[in-house]
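In our numbering, the protein residues as written are 9 to 325.
Glycine included, C-beta positions come from ideal geometry on N, C-alpha and C.
Quick caveat: nothing in here was measured; it's all calculated off a predicted structure.
Worksheet for the structure shown next.
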């Protein structure tokens, strides 16, 4: 609805309402809902199942900007918003109908797999309700981990192209970085999902966040095209992997019965992180003329997220 209404923007408050509020509220739901459905239906090889389901996000990151550019060139931006909004509805309605159905006993592949403990992963636990999960330290640790990771993602995806142009890259080269991130995020999702099925989500997530912090420092030092391309590829792999591991880890800790409600509550951090990261980087750029402080701040935040991830206990407290 938000995207369709964006085709009718006339004043700046329309932009804030339709793009910022309505589309912003819908985006986390569009992620949490399908991933919670997958977690509910798959217990065996759940990490790989979540990875496969989320590859569409990476494909969308790579392809939707190209589609949007084509539509705007031929139809104008107003009609383009409406077309993309209708396409979203065409996918969302059948998906919502599927999400309403809960698997019956015996339908879930690997239904008894949760009883198996993989070395290095958080031990299986009984299934938590949302109210019970909210009272645990593990939930709030995950909340801050998710928020810090999305803070980093929002800041990077919003300001990477401008930073690359400031560093001397041509506009086409700078714009291609986002597509490169999207393509490599698919590899990260599949790799991290499969690896989490073998050694558990927590160590893979912790390693991915640490590597992402290193890559942010690399971005500050980047000054030539190959350095930016390498950053985009590696950042895409870790971003894609971390994205899959958050619902995987949530399911491991709290079980899958209330996965939708719990992961939906965690997704509030998505809105906070993605809302504040780009805004703060813009303010700092206006004040300093550089993105260096912003990206180093992200690196520090990711180090904190890695510590929180590493410290998650085997049983929620």
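When you compare each of the options to residue i by their alpha carbons, which one comes out closest?
i	options	result
residue 319	79, 92 and 145	145
residue 379	264, 169 and 164	This structure does not reach residue 379, given that the chain is present from 9 up to 325, and the question cannot be answered.
residue 142	273, 303 and 299	273
residue 157	299, 244, 20 and 194	244
residue 190	100, 16, 313 and 71	71
residue 199	58, 175 and 87	58
residue 265	138, 299, 87 and 153	138
residue 56	249, 167 and 166	249
residue 278	216, 153, 302 and 297	153
residue 299	102, 175, 155 and 60	175
residue 162	303, 13 and 12	303
residue 60	195, 93, 228 and 87	195
residue 192	235, 242, 173 and 82	242
residue 147	84, 275, 12 and 77	275
residue 140	305, 280 and 270	270
Let's test the definition: count the other Cβ atoms within 10 Å of the Cβ of residue i and tell me whether it reaches 16, buried, or not, exposed.
i	result
residue 346	What is shown of the chain runs 9 to 325, which leaves residue 346 out entirely.
residue 316	buried
residue 95	exposed
residue 136	buried
residue 115	Annotation note: pLDDT 49 at residue 115 (below 50); position unreliable, no value reported.
residue 1	Absent from the model: residue 1. The displayed extent of the chain is 9 to 325, so no value can be given.
residue 24	exposed
residue 314	buried
residue 46	buried
residue 149	buried
residue 89	buried
residue 240	buried
residue 9	exposed
residue 87	exposed
So, do the stretch 303 to 313 and the stretch 221 to 228 have three or more beta carbon pairs nearer to each other than 8 Å? As far as the Cβ criterion goes, the stretch 303 to 313 touches the stretch 221 to 228, which means the pair count is three or higher.
Could you tell me whether the stretch 203 to 219 touches the stretch 251 to 263, where touching means 3 or more Cβ pairs closer than 8 Å? Cβ pair count under 8 Å is three or more, so yes.
Kindly confirm or deny that the stretch 206 to 216 and the stretch 240 to 256 touch, where touching means at least three C-beta pairs closer than 8 Å. Yes: the two stretches touch, three or more of their Cβ pairs being nearer than 8 Å.
Is there contact here, the stretch 286 to 299 with the stretch 185 to 203, by at least three beta-carbon pairs under 8 Å? Result no; under three Cβ-Cβ pairs closer than 8 Å.
What runs of the alpha helix (DSSP H), each 4 residues or longer, lie entirely inside the stretch 131 to 196? 138 to 142 and 145 to 174, all fully within the stretch 131 to 196.
Alpha helix (DSSP H) runs wholly inside the stretch 276 to 322, at least 4 long, in chain order: If we require 4 residues or more, the alpha helix (DSSP H) runs fully inside the stretch 276 to 322 come out as 276 to 296 and 300 to 318.
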